[in-house]
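Engineer: Structure incoming, see below.
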Amino acid sequence: MSSWNPYEFDISAFAGQNIYVALVYLHQNGGPNGEHSDNLWLDHFSWTGTGIVAIDDDQPAVAKAFSLEQNYPNPFNPETRIRYSVPKSANVTLSVYNLVGQKVAVLVNETQASGTYEISFDASHLSSGVYFYQLQAGEFSNVRKMLLTR
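Under the numbering used here, the first residue of the sequence shown carries the number 8, and numbering increases by one thereafter.
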C-alpha cells in the first residue's frame, strides 16, 4: 500500500431519507486468480454532522409518553447526544441554557410526529461548565443538567 486517499461526500441533499452506502471495487487486470489485484482498505469510516435523527430499529419507534433522557456522554467534550420521545404530533422545542438562565442554543423548534428522536449537540463554541437542556412539547416540559468539560 503506497498511500491513503481520503474521500468525503456531502449527503445533505438526502436529509430525512434512509441512505444506503455500497462500496464497489473493480480491478480490471487482476488476472483469473486475482494474482495482480490490489486490496481496498477502509479506515476511519465515519458519519459526521449535526441534526435530528429519528431512531429506526426496523420498526417504528412507538412513544407511549413524553420523555427526556439524560444526555450521553455526560460529562462531555465537546459533543453529546440527547434522546427524547413524543407520543403524538406536537410543537417541540429543545433549548440549552447556561447557569444564569441565558438561552445559548435552540436544537429543535418544529412540529414533530410521534416517535423517539436523538439529536447531537456540538458545544465547541461554549465554555466549560454546567448547562441545562429543556424539552417543551405541548403541555409537557422537562429540564435536565449536563456538564461540558474541556
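Note that beta-carbon positions come from the ideal geometry of N, C-alpha and C, so glycine has one too. Computed from a predicted structure; not experimentally measured.
Could you say which of Arg88, Ser19 and Tyr104 lies nearest to tyrosine 124 if we only look at CA atoms?
Structural biologist: Taking only the C-alpha atoms, the option nearest tyrosine 124 is Arg88.
Engineer: Return the chain-ordered list of same chain residues with a C-beta closer than 7 angstroms to the C-beta of tyrosine 79, the five sequence neighbours on each side being excluded.
Structural biologist: The residues are Thr87 and Arg88.
Engineer: Which value, in whole angstroms, describes the spacing of the CA atoms of glutamate 76 and phenylalanine 128?
Structural biologist: Each residue's alpha carbon lies about 14 angstroms from the other.
Engineer: Can you look up glutamine 143 in the DSSP assignment and give me helix, strand or coil?
Structural biologist: Three-state DSSP puts glutamine 143 in a strand.
Engineer: At 4 residues or longer, and completely inside the stretch 74–138: list those alpha helix (DSSP H) runs for me, N to C.
Structural biologist: The qualifying runs do not exist here; there are none.
Engineer: DSSP has arginine 151 in a bridge; who is on the other side?
Structural biologist: According to DSSP, which records beta bridges pairwise, arginine 151 is partnered with Tyr140.
Engineer: With C-beta atoms as the reference, is serine 96 less than 8 angstroms away from alanine 120?
Structural biologist: Yes; because the gap between Cβ atoms is below 8 angstroms, this pair is in contact.
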